[in-house]
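Asker: The structure under discussion is supplied below as structure tokens; questions concerning it will follow.
Chains as they are written, first to last, in this note's numbering: chain A, 396 to 583; chain B, 396 to 583.
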């Protein structure tokens, strides 16, 4: 498992603030699963919360509803192909970890695994809201632990640089944008 | 107002799929307002829906709740300074359009204005969900019309290129990432 540093709760929103595509991992009853999700966002600062859309057709959804837990993993460009592939297979049919040779590590609070090679990881506890889960496939979670690769996040800020690891933003098909150049417009 | 093309409902999610920062405009009772929102995402394909976090402290929130309408505007890097500024002023204190010299155009369905110089615009009708609005500041909307600048979106795909107009991804303070290089990993 790659090196990782713990991120304090008040800074965890920054891992997702720029809108990267995420990989969702889940675990229940001895089964783990992995899927990609283009639709996620932070929902609150501290305690940090997140929102993510999990379709009814997914195997992940049953694992999250049964365990009350999930992890949002933020992949780098090197994992873009995997991000597409795990979004198009179903954990009901195949063990996607074995089929794709995915290496995982353990989180500190939840049992869903952390995907090796990602840039950051948010361990989440489901905030049960059955009406919006059923009506909109919308799932809310409280971030109970957060981690980042110190090569790209210094504990408070992203340090992604040209030619280095970058997060990714899914469009459609096999098409993505890479997270681009950082810039600063000065203090608010 | 810049040139714009109508985007068919089934393609509207692509305007936000990559997680850009948005500017929220609203209008009610003769008053318009404008604020920025880092936390938004698509929620469904067709009819397209969106989710956005609108804090209780904002003047925008009252206008949206009263009118049942809002617009998500997707700014380019040229509007990054404005995006920070309208996120730090309150429409309760100042007419932010006049104070910032903001040029607007009219939408086709909702009365909230479209901000000149943006790359795309999603006219939305609020889907009332009082519990999550109150508890999480989370607002859902159905996209009732969508528009894009044909210089950067061809009706189905973003065509943003190096050196041209790019969407932006807010981090914190005055800090952003630009939407970076497009890449393709092949068919799913």
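The beta carbon of each residue, even a glycine, is placed where N, CA and C say it ideally should be.
Can you give the beta carbon distance from residue 459 of chain A to residue 521 of chain A, rounded, assuming they're within the 8 Å contact cut?
Answerer: Walking along the first chain from the start, residue 459 of chain A turns up at place 64. Walking along the first chain from the start, residue 521 of chain A turns up at place 126. Yes, they are in contact, since the Cβ atoms of residue 459 of chain A and residue 521 of chain A sit about 6 Å apart, within 8 Å.
Asker: Classify residue 428 of chain A: buried if its beta carbon has 16 or more other beta carbons within 10 angstroms, exposed otherwise.
Answerer: One-based indexing of the first chain puts residue 428 of chain A at position 33. Answer is buried; the Cβ neighbour count reaches 16.
Asker: Counting along the chain, where does the beta strand (DSSP E) carrying residue 466 of chain A start and finish?
Answerer: Position 71 of the first chain, counted from the start, is the residue given in the question as residue 466 of chain A. Element bounds for residue 466 of chain A: 464 to 469.
Asker: Within this structure, are the beta carbons of residue 465 of chain A and residue 550 of chain A separated by less than 8 Å?
Answerer: Along the first chain, read from residue 1 onward, the residue named residue 465 of chain A stands at position 70. Along the first chain, read from residue 1 onward, the residue named residue 550 of chain A stands at position 155. Taking 8 Å as the Cβ cut-off, residue 465 of chain A and residue 550 of chain A do not qualify as a contacting pair.
Asker: Just checking, does the region 396 to 406 of chain A make contact with the region 557 to 577 of chain A on the three C-beta pairs under 8 Å criterion?
Answerer: These segments do not touch.
Asker: Ignore the nearest five residues each way along the sequence and tell me which others in residue 540 of chain A's own chain have a CB closer than 6 Å to its CB.
Answerer: The residue given as residue 540 of chain A occupies position 145 in the first chain. For residue 540 of chain A, where only same-chain residues beyond five positions count, the Cβ hits under 6 Å are 503, 504 and 518.
Asker: Quick one: Cα of residue 575 of chain A to Cα of residue 574 of chain B, how far?
Answerer: By one-based count along the first chain, residue 575 of chain A stands at place 180. By one-based count along the second chain, residue 574 of chain B stands at place 179. Taking the straight line from one Cα to the other gives about 5 Å.
Asker: With distances taken from CA atoms, which of B:543, B:531, B:553 and B:556 is nearest residue 511 of chain B?
Answerer: Here residue 511 of chain B refers to the residue found at position 116 when the second chain is read from its first residue. Among B:543, B:531, B:553 and B:556, the Cα nearest to that of residue 511 of chain B belongs to B:543.
Asker: Which residues, taken in chain order from the region 533 to 560 of chain B, show a beta carbon closer than 9 Å to some beta carbon of chain A?
Answerer: Correct list: 533, 535, 551, 552, 553 and 555.
Asker: What are the uninterrupted segments assigned as alpha helix (DSSP H) that are 4 or more residues long and contained completely in the region 457 to 526 of chain A, given in chain order?
Answerer: Counting whole runs of 4 or more residues, the region 457 to 526 of chain A contains the alpha helix (DSSP H) stretches 475 to 483 and 491 to 494.
Asker: Residues of chain B with CB under 8 Å from residue 567 of chain A, in chain order?
Answerer: Looking up residue 567 of chain A in the first chain gives position 172. Result: 409, 412 and 552.
Asker: Going along the chain, which residues of its own chain have a beta-carbon closer than 6 Å to the beta-carbon of residue 474 of chain A, five neighbours each way excluded?
Answerer: Looking up residue 474 of chain A in the first chain gives position 79. So the qualifying residues of the chain are 512.
Asker: So for residue 582 of chain A, helix, strand or coil by DSSP?
Answerer: Here residue 582 of chain A corresponds to residue number 187 of the first chain, with the count starting at 1. In the structure shown, residue 582 of chain A sits in coil (DSSP, three-state: anything other than H, G, I, E or B).
Asker: With DSSP collapsed to three states, give me the class of residue 407 of chain A.
Answerer: Sequence index remark: in the first chain, residue 407 of chain A carries index 12 (1-based). The answer is helix: DSSP assigns residue 407 of chain A an H, G or I state.
Asker: Helix, strand or coil: how does DSSP classify residue 574 of chain B here?
Answerer: Here the question's residue 574 of chain B lines up with position 179 in the second chain. In this structure, residue 574 of chain B counts as strand in the three-state DSSP scheme.
Asker: What residue range is occupied by the uninterrupted beta strand (DSSP E) comprising residue 538 of chain A?
Answerer: As a working note, residue 538 of chain A is residue 143 in the first chain. Taken as a continuous stretch (DSSP letters only), the beta strand (DSSP E) holding residue 538 of chain A covers 533 to 543.
Asker: If the cut-off is 8 Å on Cβ atoms, which residues from the region 445 to 468 of chain A count as contacting chain B, listed in chain order?
Answerer: Those residues of the region 445 to 468 of chain A that come within reach of chain B (Cβ to Cβ, closer than 8 Å) are 446 and 448.
Asker: Given a cut-off of 8 Å, decide if residue 462 of chain B and residue 423 of chain B are closer than it, judged by their beta-carbon atoms.
Answerer: Within the second chain, the letter at position 28 stands for residue 423 of chain B. Within the second chain, the letter at position 67 stands for residue 462 of chain B. Yes; because the gap between Cβ atoms is below 8 Å, this pair is in contact.
Asker: Going by alpha carbons, who is nearest to residue 416 of chain B out of B:500, B:451 and B:447?
Answerer: In the second chain, residue 416 of chain B corresponds to position 21, counting from 1. Measuring from the Cα of residue 416 of chain B, the nearest candidate turns out to be B:447.
Asker: What do you reckon, are the CB atoms on residue 514 of chain B and residue 469 of chain B nearer than 8 Å?
Answerer: What you label residue 514 of chain B is simply residue 119 of the second chain in a count that begins at 1. What you label residue 469 of chain B is simply residue 74 of the second chain in a count that begins at 1. In this structure, residue 469 of chain B lies closer than 8 Å to residue 514 of chain B by Cβ.
Asker: What residues of chain B sit near residue 527 of chain A, judged by a beta carbon separation below 9 Å?
Answerer: Taking the first residue of the first chain as position 1, residue 527 of chain A is located at position 132. Per Cβ cutoff of 9 Å: 524, 526, 527, 533 and 535.
Asker: Which residues in the same chain have their Cβ closer than 6 Å to the Cβ of residue 472 of chain A, if we skip the five residues on either side of it in sequence?
Answerer: Position 77 of the first chain, counting from 1, holds the residue named residue 472 of chain A. Contacts found: 561, 563 and 573.
Asker: Roughly how many angstroms separate the alpha carbons of residue 553 of chain A and residue 434 of chain B, rounded to a whole number?
Answerer: Looking up residue 553 of chain A in the first chain gives position 158. Looking up residue 434 of chain B in the second chain gives position 39. Roughly 18 Å separates the two Cα atoms.
Asker: For a contact defined as C-beta to C-beta under 9 Å, what are the partners of residue 436 of chain B on chain A?
Answerer: For the purposes of this step, residue 436 of chain B is identified with residue 41 of the second chain, where counting begins at 1. Within chain A, the residues near residue 436 of chain B are 414, 433, 434, 435, 436, 446, 447 and 448.
Asker: Establish whether the CB of residue 574 of chain B and some CB of chain A are separated by less than 8 Å.
Answerer: Residue mapping note: residue 574 of chain B aligns to position 179 of the second chain, counting from 1. Residue 574 of chain B counts as touching chain A.
Asker: For chain A, find out if any of its Cβ atoms is closer than 8 Å to the Cβ of residue 515 of chain B; answer yes or no.
Answerer: Within the second chain, residue 515 of chain B is the residue found at index 120, counting from 1. With 8 Å as the cut-off, residue 515 of chain B does not count as an interface residue toward chain A.
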